[in-house]
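Here's the structure, in structure tokens; my notes come after.
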DNA sequence: TATGAATGAGGCTTCATTCAT
DNA sequence: AATGAATGAAGCCTCATTCAT
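Chains as they are written, first to last, in this note's numbering: chain L, 3 to 204; chain Z, 3 to 204; chain R, 3 to 204; chain B, 3 to 204.
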């Protein structure tokens, strides 16, 4: 039967390849129609695989999405960490973070459709750990005097918010420089001001 | 029909009342199970109305959600506008904006379940217009010298990002003061720094 | 569209009619392929109704089956009860029960396929209540002296077992008489013997 | 391959062992979730074997079930036969049959979950042959005068029905005695009565 | 023979939506 | 305008089974 030949072709894909195939399909489906509108079916259809195969690798749409986010979080974290490690002063700290984040965000456009970019986020342990890590490093930097004394929780929120929102406006790699400088200057000046007007005085 | 008498009770609800009934139900359903998981059925079930009635007022789940967002955008915009109008300097401008936004955000908690708060946003013309309005006012404020010369698009993004992200961390009204002061100081100092290192130099 | 005309036809069926349509289809599907092999799909397919309509009336295959059994139990119980009420002695009691049961069983052939007849039973509260009722009446009959003193629980089991198993061999109404006489004589003589050799002597 | 060594462990199981492994797993799965709800997957999962291996031994769930029933039928038949052979009169005949059957039934509890015990039966050639054998022996016993002249087909049905139904009520070995005496007395007396009122008179 | 990933049919169920009343 | 039963597409997922290794 002709079917047997086709089947063979698919079998040739290794397990890891199939998982990647699904992840890639999911990424593009989410990008095209958004997470909420996408269905497992849509993802499978964007794949040469059979419907049942999806369930050999993921439990649900949420599960693939999580894997995608975790992959992203796993990929960006070392870069952010590295940037923080090399920073010798506040400017380098901030500039390194934003530059790394913007570069990554631009490269990973497509996890969300334009209308939804960064408007939907699913926090997974990995993503959450990424934020926690940033916050801890901020605390350490404040303790070391690399950063002026500011509330680490709020600063993390502010950095995150600016990072995500400004990254949405990026159009090409050429924009990264300006965006990083903008955000860096904003926080550099901002932290200076915050250091002078501690919450306790308010 | 003997049933007509019972039905009268429901008929008593005016058109506007039915619309509000559905909106309220949708708000609470979205809050309880999240936008993605919620269905039109769920919304109807949270209502004394019949399924068909839903379609007299809204076209789909997205449609109600949009109406909800627009109502919110419509409600917050005058407050933000008013705060901007009364501002005599940059500090008042910023503090007014953040205070108004945080107050509103806290009061409108519940459009999303805790796990999803502000993680999903659907931009509607109304919401979009709100951002545009803010940006225009920033441009005007820069022109008038109320704000230092900064890129209005980026500043809008940064304000939005900080506004949304910090608002997520608010737990009670008591937090609003500190959060507003933090954000205000951040941007006050930040803009000062930005004014000294204009994008053109980069 | 031609579709609208067809739809109208289906709408004409009243709620009760649809329920009955489904029950009838389920009965014949279970009869043809057995409960285990039958699927909700099979039942729907044996119907002019849409798949979703099934779920307006029943929750699952088990649910329809239960309804079928309950209908049967509900239908047979009054007849058995009536037969017990009219019995003036043990022979009438037994003969009445078996005759009513065999008549009913023959008429309700088809709830199971031949290969499975009476080999699969799903006890529902109704069915269970039917057995309990029989047992209580046996206790009462023993107390009144209509039946000799025998263990009511075991007698109920034995009657049930003989009733079901013998009913499986019935081929036509003409067999009912002989089967009822056989079973009646068996228990009449059996109870006489049991009365003489109570369990306590064993 | 490095995997081959691990595999060896499984390979050590002989063909017969694998078959038994599957049968045992099937027995416990059927007991836990019932025949209808159980799937081949469930059976495999209760095994250290791979899914494909199942098909080296059985064709389907029905097939294993049949094997289980046949094993049971094969196991019980010699005991029933032996009991019949040793019987010198009707009482011994009946008592031997019931005692053997109840003992076996109690020991083999677990082919079905409590809620389904003996409520589902699948007749296989082996099981069927068992009934036929009983009937033939009854005919022979009637011919020899060991049993009074009764319709062998009906008597077989009645014995079977009482056997199965009463066995369902057994809770421990201690119950076997009483149950066997009850059933024996029932049929002893019953056959006496039947002998006096032959079907021909009816 | 044993393995277990891949397959895709098909089961179950919910859903948005229609439309006769 | 309101109702709610009917619809059937379509979602989710499991299953039996195959077959390359």
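Glycine included, C-beta positions come from ideal geometry on N, C-alpha and C.
On the three-pair Cβ rule with 8 Å, is the segment 139-157 of chain R touching the segment 46-64 of chain R?
No contact exists between the segment 139-157 of chain R and the segment 46-64 of chain R.
Interface residues of chain L around residue 153/Z at Cβ under 7 Å?
Along the second chain, one-based indexing puts residue 153/Z at 151. Those within 7 Å of residue 153/Z in chain L are 184.
Pick helix, strand or coil for residue 119/R, following the three-state DSSP scheme.
In the third chain, counting from the first residue as 1, residue 119/R sits at position 117. At residue 119/R, the pLDDT of 45 sits below 50, so the modelled position is not reliable; the number obtained from the coordinates is stated separately. It is coil, neither helix nor strand.
Residue 232/Z at chain L interface by Cβ criterion, 9 Å
There is simply no residue 232/Z to check, as chain Z begins at 3 and stops at 204 in what is shown.
From which residue to which residue does the alpha helix (DSSP H) around residue 198/B run?
Against the fourth chain, residue 198/B aligns to sequence position 196. Taken as a continuous stretch (DSSP letters only), the alpha helix (DSSP H) holding residue 198/B covers 175-198.
Anything in chain B within Cβ reach of residue 189/R, meaning under 8 Å, just list it in chain order.
Counting from one through the third chain, the residue named residue 189/R turns up at place 187. Within chain B, the residues near residue 189/R are 188 and 192.
Whole angstroms are fine: how far does the CA of residue 185/B sit from the CA of residue 160/B?
Start at 1 with the first residue of the fourth chain, and residue 160/B comes out as number 158. Start at 1 with the first residue of the fourth chain, and residue 185/B comes out as number 183. Residue 160/B and residue 185/B: Cα-Cα distance of roughly 11 Å.
In this structure, how does DSSP classify residue 37/Z when only helix, strand and coil are distinguished?
In the second chain, residue 37/Z corresponds to position 35, counting from 1. Three-state DSSP puts residue 37/Z in coil, outside helix and strand.
Are any of the Cβ atoms in chain R nearer than 9 Å to that of residue 181/B?
Counted from its first residue, the fourth chain places residue 181/B at position 179. At least one chain R Cβ lies under 9 Å of residue 181/B.
Burial state of residue 191/R, where buried means 16 or more other Cβ atoms lie within 10 Å:
In the third chain, the residue the question calls residue 191/R occupies position 189. By the neighbour-count criterion, in which 16 or more other beta carbons inside 10 Å mark a residue as buried, residue 191/R falls on the buried side.
Using a Cβ-Cβ distance cut-off of 9 Å, determine whether residue 139/Z contacts chain L.
Position 137 of the second chain, counted from the start, is the residue given in the question as residue 139/Z. The beta carbon of residue 139/Z sits no closer than 9 Å to any beta carbon of chain L.
Check the Cβ of residue 2/B against every Cβ in chain R and list those closer than 8 Å, keeping chain order.
Since the displayed chain B opens at 3 and closes at 204, residue 2/B lies outside it and no answer follows.
Please report the residue range of the alpha helix (DSSP H) in which residue 58/L lies.
What you label residue 58/L is simply residue 56 of the first chain in a count that begins at 1. Taken as a continuous stretch (DSSP letters only), the alpha helix (DSSP H) holding residue 58/L covers 53-59.
Can you look up residue 169/L in the DSSP assignment and give me helix, strand or coil?
Against the first chain, residue 169/L aligns to sequence position 167. Correct three-state label for residue 169/L: helix.
Cβ-heavy atom distance, residue 64/L to the ligand MN, below 8 Å:
The model on display carries no ligand, and the ligand MN is accordingly not part of it.
Find the nearest neighbour of residue 141/R within the set 128/R, 156/R, 130/R and 129/R, judged by alpha-carbon distance.
Counting from one through the third chain, the residue named residue 141/R turns up at place 139. Between residue 141/R and the set 128/R, 156/R, 130/R and 129/R, the nearest pair of CA atoms involves 156/R.
Is residue 31/Z closer than 9 Å to residue 72/Z when the C-beta atoms are compared?
Numbered from its first residue, the second chain carries residue 72/Z at position 70. Numbered from its first residue, the second chain carries residue 31/Z at position 29. No, these two residues do not count as a Cβ contact at 9 Å.
The alpha helix (DSSP H) spanning residue 105/Z covers which residue range?
Start at 1 with the first residue of the second chain, and residue 105/Z comes out as number 103. From DSSP, the alpha helix (DSSP H) with residue 105/Z extends over 92-109.
Does the segment 76-86 of chain B come close enough to the segment 94-114 of chain B to have 3 or more Cβ pairs within less than 8 Å?
With a cut-off of 8 Å, the segment 94-114 of chain B and the segment 76-86 of chain B count as touching, because enough Cβ pairs lie within range.
Are residue 67/R and residue 37/R close, meaning C-beta to C-beta below 9 Å?
Position 65 of the third chain, counted from the start, is the residue given in the question as residue 67/R. Position 35 of the third chain, counted from the start, is the residue given in the question as residue 37/R. In contact: residue 67/R and residue 37/R (Cβ atoms closer than 9 Å).
The alpha helix (DSSP H) spanning residue 80/L covers which residue range?
To locate residue 80/L, count along the first chain from 1; it is residue 78. From DSSP, the alpha helix (DSSP H) with residue 80/L extends over 63-88.
Three-state secondary structure (DSSP) of residue 164/B
Within the fourth chain, residue 164/B is the residue found at index 162, counting from 1. The DSSP-derived three-state label of residue 164/B is helix.
Measuring straight from C-alpha to C-alpha, what distance separates residue 18/B and residue 24/B?
As a working note, residue 18/B is residue 16 in the fourth chain. As a working note, residue 24/B is residue 22 in the fourth chain. Going by the C-alpha atoms only, they are around 10 Å apart.
Which residues in chain B sit within 7 Å of residue 55/R, going by Cβ to Cβ distance?
As a working note, residue 55/R is residue 53 in the third chain. Around residue 55/R, no beta-carbon contact reaches into chain B at under 7 Å, the shortest distance being about 24 Å.
Applying the criterion that 16 or more other CB atoms from any shown protein chain within 10 Å of the CB defines a buried residue, is residue 169/B buried or exposed?
Start at 1 with the first residue of the fourth chain, and residue 169/B comes out as number 167. That one is buried.
Return the first residue and the last residue of the alpha helix (DSSP H) that residue 153/R is part of.
Your numbering for residue 153/R matches position 151 in the third chain. Per DSSP, residue 153/R belongs to no alpha helix (DSSP H) and is neither H nor E.
Span separating the alpha-carbon of residue 46/B from that of residue 27/B:
Numbered from 1 along the fourth chain, position 44 holds the residue referred to as residue 46/B. Numbered from 1 along the fourth chain, position 25 holds the residue referred to as residue 27/B. Each residue's alpha carbon lies about 8 Å from the other.
Give me the Cβ distance between residue 181/L and residue 195/Z, rounded to the nearest whole Å; I'm assuming they're in contact under 8 Å.
Looking up residue 181/L in the first chain gives position 179. Looking up residue 195/Z in the second chain gives position 193. Contact flag wrong, Cβ pair sits at about 15 Å.
Using only alpha-carbon positions, find the residue among 175/B, 64/B, 50/B and 60/B that is nearest to residue 39/B.
Counting from one through the fourth chain, the residue named residue 39/B turns up at place 37. Considering only alpha carbons, the answer is 64/B.
For chain Z, check one thing: does any of its Cβ atoms lie closer than 9 Å to the Cβ of residue 156/L?
On the first chain, residue 156/L is found 154 positions in, with the first residue counted as 1. It does: the Cβ of residue 156/L has a partner Cβ on chain Z nearer than 9 Å.
Please list the partners that residue 162/R has in chain B, where partner means a Cβ-to-Cβ separation under 7 Å.
Translated into positions along the third chain, residue 162/R becomes position 160. Correct list: 167.
Less than 9 Å between CB atoms is the rule here; does residue 101/R satisfy it with respect to chain B?
Stepping through the third chain from its first residue, residue 101/R is reached at position 99. Not an interface residue.
Run through DSSP, which three-state label would residue 48/Z get?
As a first step, residue 48/Z is located in the second chain; it is residue number 46 there, counting from the start. It is coil, neither helix nor strand.
Using only CA atoms, which one of 35/B, 62/B, 108/B and 143/B lies nearest to residue 94/B?
Counting from 1 along the fourth chain, the entry for residue 94/B is found at position 92. Looking at the Cα atoms, 143/B is the closest of the given residues.
Below 8 Å on C-beta distance, what does residue 37/Z contact in chain L?
Taking the first residue of the second chain as position 1, residue 37/Z is located at position 35. Chain L residues near residue 37/Z: 38.
Check whether the Cβ atoms of residue 177/Z and residue 104/Z sit closer than 9 Å, and answer yes or no.
Residue 177/Z sits at position 175 when you count from the first residue of the second chain. Residue 104/Z sits at position 102 when you count from the first residue of the second chain. With respect to the 9 Å criterion, residue 177/Z and residue 104/Z are classified as neighbours on the basis of their beta carbons.
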